[in-house]
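For the sequence shown, the positions run 57 to 570 when the working numbering is used. A quick write-up on the structure given underneath.
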Amino acid sequence: IRMHAIQVDSVQRWMEDLRHMTEVECMCVLQSKPIGVDEDTPGELIVSGAGAIGEHVTRDNLQTLLKRALVVSTELGKMFQRLEKGRWQRVHSTAIRVNCHVRSLIQEYSTARNAPPEMQKNEKSLLEKCMELNVITERCLHTEDEYFLKSMKEAIHEILTDVSDSFSHMIDMALANEIQVSIDSDNVFAISTAISNLLSLTQDGPQLCSIIAKEGAVVALLKICRQDCFSTLYAQALRTVASICCVEEGISQLEKVDGILFLADILTDSTCAEGTRAEAAAVMAQITSPHHTSTQHLASFLESMQDIVTALINLCKTASCGEVFLLASAALANITFFDSMACEILLQLNAVHILLQACRDRQRVDTPYSKDQVVTILANLSVLEQCTADVLEEKGMQLLVLLNEKSTSSSPSESAACERVQQKAAVTLARLSRDPLVAQTAIQLKAVPRLIELCQSPGERNNSDSVLVACLAALRRLAAECPESIGPNDHQQLIKPRLVDSFLLCSNMEESFV
57 IRMHAIQVDS
67 VQRWMEDLRH
77 MTEVECMCVL
87 QSKPIGVDED
97 TPGELIVSGA
107 GAIGEHVTRD
117 NLQTLLKRAL
127 VVSTELGKMF
137 QRLEKGRWQR
147 VHSTAIRVNC
157 HVRSLIQEYS
167 TARNAPPEMQ
177 KNEKSLLEKC
187 MELNVITERC
197 LHTEDEYFLK
207 SMKEAIHEIL
217 TDVSDSFSHM
227 IDMALANEIQ
237 VSIDSDNVFA
247 ISTAISNLLS
257 LTQDGPQLCS
267 IIAKEGAVVA
277 LLKICRQDCF
287 STLYAQALRT
297 VASICCVEEG
307 ISQLEKVDGI
317 LFLADILTDS
327 TCAEGTRAEA
337 AAVMAQITSP
347 HHTSTQHLAS
357 FLESMQDIVT
367 ALINLCKTAS
377 CGEVFLLASA
387 ALANITFFDS
397 MACEILLQLN
407 AVHILLQACR
417 DRQRVDTPYS
427 KDQVVTILAN
437 LSVLEQCTAD
447 VLEEKGMQLL
457 VLLNEKSTSS
467 SPSESAACER
477 VQQKAAVTLA
487 RLSRDPLVAQ
497 TAIQLKAVPR
507 LIELCQSPGE
517 RNNSDSVLVA
527 CLAALRRLAA
537 ECPESIGPND
547 HQQLIKPRLV
557 DSFLLCSNME
567 ESFV
């Protein structure tokens, strides 16, 4: 009985240990083989999910590198957590997996690309640290001495931090190398592929956009746009620049090479293809976004304000499709936020007429997103007196059409865009109704019933509080100009109380389905 018990315990212990004792060389060989497992199927070793180069030969090195880096980063994160909890068996097994993945990644990358000497030196150092991590974590499995484990815990934490830093540095260098190899070519097809890969990478988050920007991608892309032989790639390159400029590093790189002046040249060049000018407008929209905290780059923008605004409103006027109009109007909407001079220039260029005419053209303004840009521009223009005369000339009809905007889609983003259209249309109407003529025109065109409906029917405004506040403000402005336009009951509920009381009353309403 005793021998049987010992035998069972030994076998059980051997089975438990075996799960965590994987030969690195074997795993490297396995990982280069196309194992027939679905990529979405999670596994403890994540062999298939690691995106091995052998499994998808045609996949770009950058994409593969990032997927492998994500696997290693995830394992390192797990290791930190398990170390804090003192789960030594798990710590050691994770160290083995990290070593395996790092070794495999380096081997495969070296096979696909000649790494620079500095990178090779970093790789060697990283492998040594990974092996040291394996050795020291294995020592912790064979003791229960609390004092020893505590001292080892600190040492492992330090080594693990070094491994994380070295790995991040290696990935940055590898990405930089890949980006440089990709963009250093004279072949149009190769550059087109490289730009497509860069654009795809920018969709993976701001951190990668920062790396791409630091490695000079913006400079290289603009260099492409300055060469006639690559004219077919201009739009594609500018679209990628716009994506990179979602981070401050991208905008800084753009500024260093006089990128804004270059964009202004493209926008004002009537011989440039519409698609190229539209993508230049997209870059303008990105760099003038209110979400950016730094505005230093706007200094050179102000120098070309007149030319840029003129080119953008002309692009809105001549746009052949909704996408072109959306990009040009988005840039104008952002520009009108940070400088009143832009609003004055737009009014001089008859922008109100152009924009309201566009709203009647389904070919140009075909989505709530485009209408959102139009009504944003009108709301910002409406603070100027001249805008009132322009709206009166257009009879303000389109503002009421925008007030009637309602989403027919289940898309949350489209519903949000419709809310913004309703809100800004009401804000514009409230501002313009300072003029009695505008107020009278709005009342004649049945603006009051629609505003009341938006206030009293939560479903009409998609339960949006911002739309409710804007509509209450517009109603009160119209009521001040023409009190008889609002019935006694609505006056009692929407006009007479304090604004906050009317808001609370309407926001707590339950829609009647009777």
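Heads up, the beta-carbon is just placed ideally off N, CA and C, and yes, glycines get one too. Values in this document were obtained by computation on a predicted structure and should not be read as measured data.
(1) Report the option in Cys377, Pro346 and Leu121 whose CA atom is closest to the CA atom of Thr167.
(2) Is DSSP giving Asn12 helix, strand or coil here?
(3) Near Asp446, what residues of its chain come up, given a Cβ to Cβ distance below 6 Å and the 5 sequence neighbours on each side ignored?
(4) Under 7 Å Cβ to Cβ from Gln275, same chain only, skipping five residues before and after it: list those, please.
(5) Keeping to the same chain, check which residues put their C-beta closer than 8 Å to that of Lys427; ignore five residues upstream and five downstream.
(6) Comparing alpha-carbon positions, which option in Thr464, Leu534, Lys502 and Glu450 lies nearest Arg487?
(7) Report the option in Gln419, Leu383 and Ser360 whose CA atom is closest to the CA atom of Met397.
(8) Pick from Thr288, Val483, Cys265 and Ala230: whose alpha carbon is nearest that of Thr249?
(9) Under 7 Å between the Cβ atoms of Ile267 and Leu231?
(10) At 4 residues or longer, what runs of the alpha helix (DSSP H) sit wholly inside the segment 233 to 282?
(11) Out of curiosity, what's the CA-to-CA distance linking Val67 and Ser129?
(12) Which residues bound the alpha helix (DSSP H) around His409?
(13) Terminal residues of the continuous alpha helix (DSSP H) containing Lys373?
(14) Using the C-alpha atoms, what's the distance from Val339 back to Leu383?
(15) Do you know offhand how far Ala293's Cα is from Glu335's?
(16) DSSP three-state call for Gln419: helix, strand or coil?
(17) Are Ile212 and Leu139 closer than 7 Å when you measure CB to CB?
(18) Check Arg506 in the structure and name its three-state DSSP category.
(19) Could you give the distance in angstroms between the alpha-carbon of Pro346 and the alpha-carbon of Phe394?
(20) To the nearest angstrom, how far is it from the Cα of Met175 to the Cα of Val158?
(21) If you draw a straight line from the C-alpha of Cys281 to the C-alpha of Ile499, how long is it?
(22) Given Asn564, which residues of its chain have a CB within under 7 Å of its CB, disregarding the five upstream and five downstream residues?
(23) Find out if the Cβ-Cβ distance for the pair Val154, Glu179 is shorter than 7 Å.
(24) Consult DSSP for Thr288 and reduce its assignment to one of helix, strand or coil.
(25) Taking only runs that begin and end inside the segment 121 to 187, name each unbroken alpha helix (DSSP H) of 4 or more residues, in chain order.
Based on what the coordinates show:
(1) One-based indexing of the sequence shown puts residue 167 at position 111. Residue Leu121 is the option with its Cα nearest to Thr167.
(2) No answer is possible for residue 12: the residues shown for the chain start at 57 and end at 570.
(3) In the sequence shown, the residue the question calls residue 446 occupies position 390. Close CB contacts of Asp446 within its chain, under the 6 Å cut and outside five residues either way in sequence, are with Val408 (chain order).
(4) Position 219 of the sequence shown holds residue 275. The question names Gln, yet the displayed sequence has Val at residue 275. Within the same chain, and ignoring the five residues on either side of Val275 in sequence, the residues whose Cβ sits closer than 7 Å to its Cβ are Gln309 and Val313.
(5) Locating residue 427 in the sequence shown gives position 371, counting from the first residue. Result list for Lys427: Cys415, Val421, Leu458, Glu461, Ala473 and Val477, in chain order.
(6) For the purposes of this step, residue 487 is taken as residue 431 along the sequence shown, with counting starting at 1. With distances taken between Cα atoms, Arg487 lies closest to Leu534.
(7) Here the question's residue 397 lines up with position 341 in the sequence shown. For Met397, the nearest C-alpha among the options comes from Ser360.
(8) Taking the first residue of the sequence shown as 1, we reach residue 249 at position 193. Among Thr288, Val483, Cys265 and Ala230, the Cα nearest to that of Thr249 belongs to Thr288.
(9) Here residue 267 refers to the residue found at position 211 when the sequence shown is read from its first residue. Here residue 231 refers to the residue found at position 175 when the sequence shown is read from its first residue. Yes, Cβ-Cβ distance for Ile267 and Leu231 is below 7 Å.
(10) Correct list: 244 to 258, 262 to 270 and 273 to 281.
(11) Here residue 67 refers to the residue found at position 11 when the sequence shown is read from its first residue. Here residue 129 refers to the residue found at position 73 when the sequence shown is read from its first residue. When rounded, the separation of the alpha-carbon atoms in Val67 and Ser129 is 34 Å.
(12) Numbered from its first residue, the sequence shown carries residue 409 at position 353. In the DSSP assignment, His409 falls within the unbroken alpha helix (DSSP H) covering Ala407 to Cys415.
(13) Residue mapping note: residue 373 aligns to position 317 of the sequence shown, counting from 1. Where Lys373 is concerned, the enclosing alpha helix (DSSP H) stretches over Met361 to Thr374.
(14) Indexing the sequence shown from 1 puts residue 383 at position 327. Indexing the sequence shown from 1 puts residue 339 at position 283. When rounded, the separation of the alpha-carbon atoms in Leu383 and Val339 is 9 Å.
(15) Taking the sequence shown and counting its residues from 1, the one referred to as residue 293 is at position 237. Taking the sequence shown and counting its residues from 1, the one referred to as residue 335 is at position 279. Using only the alpha carbons, I get a separation of about 9 Å.
(16) For the purposes of this step, residue 419 is identified with residue 363 of the sequence shown, where counting begins at 1. In the displayed model, Gln419 falls within coil according to three-state DSSP, outside both helix and strand.
(17) Position 156 of the sequence shown holds residue 212. Position 83 of the sequence shown holds residue 139. A contact, by the Cβ cut-off of 7 Å.
(18) For this step, residue 506 is matched to residue 450 along the sequence shown. Helix at Arg506.
(19) Counting from 1 along the sequence shown, the entry for residue 346 is found at position 290. Counting from 1 along the sequence shown, the entry for residue 394 is found at position 338. Near 8 Å, if we compare the C-alpha coordinates of Phe394 and Pro346.
(20) Within the sequence shown, the letter at position 119 stands for residue 175. Within the sequence shown, the letter at position 102 stands for residue 158. When rounded, the distance between both Cα atoms is 14 Å.
(21) Here the question's residue 281 lines up with position 225 in the sequence shown. Here the question's residue 499 lines up with position 443 in the sequence shown. Between Cys281 and Ile499, the C-alpha separation is close to 52 Å.
(22) In the sequence shown, the residue the question calls residue 564 occupies position 508. Non-local C-beta neighbours of Asn564 in its own chain, meaning closer than 7 Å and more than five positions away in sequence, are absent.
(23) As a working note, residue 154 is residue 98 in the sequence shown. As a working note, residue 179 is residue 123 in the sequence shown. Contact flag unset, no.
(24) One-based indexing of the sequence shown puts residue 288 at position 232. Thr288 sits in a helix when the DSSP states are folded into three classes.
(25) Counting whole runs of 4 or more residues, the segment 121 to 187 contains the alpha helix (DSSP H) stretches 144 to 168.
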